[in-house]
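Participant: Next up is a structure, given as structure tokens.
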Amino acid sequence: MSEKIRAFIAIPLPESILKAILAAQEKLRRTGLGIRLVRPEGIHLTLKFLGNISPTDVSHVESAIEKATRAFRPFTLKAKGIGVFPDFRRPRVIWLGITGDLEILHALQRDLESELKSHGFEKEKRPFKGHLTLGRIRNRLDRDKLSKALQELEDFETGSFRADSVVLFRSKLHPGGAVYSKIAEAALKSA
768 MSEKIRAFIA
778 IPLPESILKA
788 ILAAQEKLRR
798 TGLGIRLVRP
808 EGIHLTLKFL
818 GNISPTDVSH
828 VESAIEKATR
838 AFRPFTLKAK
848 GIGVFPDFRR
858 PRVIWLGITG
868 DLEILHALQR
878 DLESELKSHG
888 FEKEKRPFKG
898 HLTLGRIRNR
908 LDRDKLSKAL
918 QELEDFETGS
928 FRADSVVLFR
938 SKLHPGGAVY
948 SKIAEAALKS
958 A
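Numbering (our numbering), first residue to last: 768 to 958.
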């Protein structure tokens, strides 16, 4: 029996944006709240989490990505604002929001969902909310301290970046956190 691959589809971020995000993470680290920060090389804009897929599914996913990205040119995004999932009463994830060409981002994500559905993948039930995960909250924490940290970062933004490719990533879980490797990449075509 073939080993399953834990996979997701995402837009990778340029190094300059990852360096800017590191500044926001450093502020969170200094709070002493024990937030488990995502390593900068692990930060990306997830379009679809696939979960565990078979190696034979990989070619279907690659095909879906190719078809979904055909109609899209590179577009501009920016990380801006900060928040938590699922809500402030039970925060589990700290994220940066996304601004810029959101209509294009949402159209790309919808087309990707549609292509994947045609290959038998289940459609995501929750509405898509583009974000960059900064860290995860392990335990109960001082919400007042968290609120103060989030207020200090509410105006945080990176420079603009060009979303110019979509990547199928493999995710291998390790005690120190997940390690991601590219399986396939589709470039958004310039005019």
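Using N, Cα and C, we set each Cβ at its ideal position, and we do this for glycine too. Here the structure is a predicted model, which means the values were calculated and not measured.
Relative to the alpha-carbon of P807, which residue among A838, L901, I772 has its alpha-carbon at the smallest distance?
Facilitator: As a working mapping, residue 807 is identified with position 40 in the sequence shown. The candidate whose alpha carbon is nearest that of P807 is L901.
Participant: In whole angstroms, what is the alpha-carbon distance linking R910 and I784?
Facilitator: Locating residue 910 in the sequence shown gives position 143, counting from the first residue. Locating residue 784 in the sequence shown gives position 17, counting from the first residue. The C-alpha of R910 lies about 28 Å from the C-alpha of I784.
Participant: Short check: CB of A953 to CB of T836, under 9 Å?
Facilitator: The residue given as residue 953 occupies position 186 in the sequence shown. The residue given as residue 836 occupies position 69 in the sequence shown. The answer is yes: Cβ separation under 9 Å.
Participant: Tell me, please, whether the region 848-860 touches the region 935-949 by the rule of three or more beta-carbon pairs shorter than 8 Å.
Facilitator: no
Participant: Cutting at 8 Å between CB atoms, please list the residues of its own chain near R905, excluding the five before and the five after it.
Facilitator: For the purposes of this step, residue 905 is taken as the residue at position 138 of the sequence shown. Same-chain partners within the cutoff: G801, I802, R803.
Participant: Nearest-angstrom Cα distance between E919 and V946?
Facilitator: Taking the first residue of the sequence shown as 1, we reach residue 919 at position 152. Taking the first residue of the sequence shown as 1, we reach residue 946 at position 179. Cα to Cα, the separation comes out at about 30 Å.
Participant: Could you pull out every residue in the same chain whose Cβ sits closer than 8 Å to the Cβ of I865, ignoring the five residues on either side in sequence?
Facilitator: For the purposes of this step, residue 865 is taken as residue 98 along the sequence shown, with counting starting at 1. L812, L844, K845, A846, K847, L872, G897, H898, L899.
Participant: Starting from G818, follow its DSSP beta bridges and name the residues at the other end.
Facilitator: Counting from one through the sequence shown, the residue named residue 818 turns up at place 51. Its beta-bridge partners are A774.
Participant: Just list the residues that DSSP pairs I832 with in beta bridges.
Facilitator: Residue 832 sits at position 65 when you count from the first residue of the sequence shown. According to DSSP, I832 shares a beta bridge with no other residue.
Participant: Tell me the DSSP secondary structure of G926 in three-state form.
Facilitator: For the purposes of this step, residue 926 is taken as residue 159 along the sequence shown, with counting starting at 1. Reduced to three states, the DSSP call for G926 is strand.
Participant: Report the residue from A774, I772, E793 whose alpha carbon sits nearest the alpha carbon of E923.
Facilitator: What you label residue 923 is simply residue 156 of the sequence shown in a count that begins at 1. A small fix is needed here, since residue 923 is Phe in this sequence, not Glu. Ranked by Cα distance from F923, the options A774, I772, E793 are led by E793.
Participant: For P838, is the classification buried or exposed, using 16 other Cβ atoms within 10 angstroms of its Cβ as the cut-off for buried?
Facilitator: Position 71 of the sequence shown, counting from 1, holds the residue named residue 838. For the sequence presented, residue 838 should be read as Ala rather than Pro. Exposed, since its Cβ has fewer than 16 Cβ neighbours within 10 Å.
Participant: What is the rounded straight-line gap between the Cα of K834 and the Cα of K912?
Facilitator: Along the sequence shown, read from residue 1 onward, the residue named residue 834 stands at position 67. Along the sequence shown, read from residue 1 onward, the residue named residue 912 stands at position 145. Going by the C-alpha atoms only, they are around 46 Å apart.
Participant: Among all the DSSP beta bridges, which residues are the ones paired with T866?
Facilitator: Position 99 of the sequence shown, counted from the start, is the residue given in the question as residue 866. In DSSP, T866 forms a bridge with K845.
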